[in-house]
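The structure appears right after this line, and notes come after that.
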């Protein structure tokens, strides 16, 4: 039986991240974590071919060729477990007992659910569905694997969990694309592919015209020259952002009163002006990204806009974060990374971005964020390439043969019943 994680922090983060509904790189890394950008040695990186970014049937060799710099996190975890002697069945049993949300097994290229404990909203279901999509879209069989997923805001434990994010010191954890890369229905964000479609349509309305990767006309001139953010000031870094942005002409940064929004119709109406869909974020030239209790799930949605992401050195790592480059002047820079505290450093950074000499840097960031990340390394094709690579890496250090002889139901039955056990016709 899987234990249930109960944390006020996770609940708070879930409330905060609801804001995105209505709100809304070849890299050679010498260390096993991302931040700050200055600690990573970046090499020149080519944008992947955008014609492949919705191709969910790429082979292993095609994935490696088209997204060669994507797999650092999976390779790191594989190397770590290889040094430790590999993953035993006992370790997976302990991972299941240690706040696992589901235990999954692939045998003979069929996905089985051995245990399911739910979690926050539909996160675990979305994560399992992602594994299934990764499996059935592969033109090559995946190896037999037995593993546990966690879908809380912060990955935890000393066992081989697949998690949404990790801190640098949490080397036992495997990173998977977070649930939002499949769908996040509760706050109304919807599926990732819909967000991509809607943001592209919004950018097109603002004037963006593309011919493949070539920009015929840009949407930048139609955007509001302000820094936008909405959310709950649950942690110091968010309070710091609010303080640094107060009464600034370049700021559209405000707290959302979620108690009022969720309380009654009057509260929702009064706060409606502050609620933005992911696509509506694209009207702003600058989009702030700050962490919450752990990682913030909104980043991938912000990166769908042809806008400049302004963030801080991130503490929590996702599977693609090593591809983010905040080094000023670097040819592959794709974000603005502002040192903390914001109260000391945000205003000078924004004034520089709004200055007459920033045009070349801004265009470089827009191009790299769009071509390398949105249309490349966080595209639907890349996400499935990464997950298949991670499962193959896991299998290489797995020291037992997975079996479903004693328990486990096929995903096809689980998705209909929502459980691994049921009484027939009752």
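Residue numbers (UniProt numbering): 1 to 426.
Just so you know, even glycine gets a beta-carbon here, dropped at the ideal spot from N, CA and C.
Element boundaries [beta strand (DSSP E), containing residue i]
i           : result
residue 429 : Outside the modelled stretch of the chain, which goes from 1 to 426, sits residue 429, for which no answer is possible.
residue 211 : 209 to 211
residue 343 : Per DSSP, residue 343 belongs to no beta strand (DSSP E); it is in the alpha helix (DSSP H), 342 to 353.
residue 216 : 214 to 217
residue 284 : 284 to 289
residue 147 : 145 to 149
Cut-off 8 Å between Cβ atoms - residues of its own chain near residue i, not counting five sequence neighbours on either side
i           : result
residue 190 : 183, 184
residue 225 : 250, 285, 286, 354
residue 136 : none
residue 237 : 290, 291, 312, 340, 342
Nearest-angstrom Cβ-Cβ length linking residue i and residue j, presumed shorter than 8 Å
i           : j           : result
residue 47  : residue 232 : Not confirmed; about 35 Å, so no contact.
residue 353 : residue 306 : Going by Cβ atoms, the distance from residue 353 to residue 306 rounds to 15 Å, so no, they are not a contact pair.
residue 67  : residue 385 : 5 Å
residue 341 : residue 240 : 5 Å
residue 128 : residue 411 : 7 Å
residue 364 : residue 333 : 6 Å
residue 245 : residue 314 : Incorrect: roughly 19 Å between the Cβ atoms, too far for contact.
residue 69  : residue 45  : 6 Å
residue 308 : residue 362 : 6 Å
Beta-carbon contacts of residue i that lie in its chain and below 6 Å, excluding the five residues immediately before and after
i           : result
residue 39  : Note that residue 39 scores 47 on pLDDT, short of 50, meaning its location in the model is unreliable; the coordinates nonetheless yield the value given after this. No residues qualify anywhere along the chain.
residue 222 : 206, 207
residue 406 : none
residue 52  : 66, 381
residue 170 : none
residue 219 : 203, 206, 207, 208, 306
residue 299 : 289
residue 414 : 113
residue 427 : Coverage of the chain is limited to positions 1 through 426, which leaves residue 427 absent and any answer about it impossible.
residue 73  : 175, 319
Residue i burial status per 10 Å Cβ neighbour count (16 or more: buried)
i           : result
residue 211 : exposed
residue 357 : exposed
residue 396 : exposed
residue 84  : exposed
residue 131 : buried
residue 399 : exposed
residue 205 : exposed
residue 312 : buried
residue 419 : exposed
residue 380 : buried
residue 229 : buried
residue 119 : buried
residue 374 : buried
residue 370 : buried
residue 105 : buried
residue 180 : buried
Own chain partners of residue i with C-beta closer than 7 Å, once the 5 adjacent residues on each side are dropped
i           : result
residue 122 : 185, 186
residue 216 : 209, 210
residue 178 : 164, 297, 318
residue 103 : 96, 114, 115, 148
residue 199 : 278, 279, 282, 304, 305
residue 134 : 384, 387, 388
residue 195 : 189, 278, 301, 304
residue 91  : 159, 160
residue 141 : 109
Where the alpha helix (DSSP H) containing residue i begins and where it ends
i           : result
residue 116 : Element bounds for residue 116: not the alpha helix (DSSP H) but the beta strand (DSSP E), 110 to 116.
residue 301 : 299 to 302
residue 419 : Where residue 419 is concerned, there is no enclosing alpha helix (DSSP H), given that its DSSP letter is neither H nor E.
residue 367 : 359 to 368
> Between the segment 142 to 150 and the segment 158 to 166, are three or more C-beta pairs nearer than 8 Å?
Replying inline: yes
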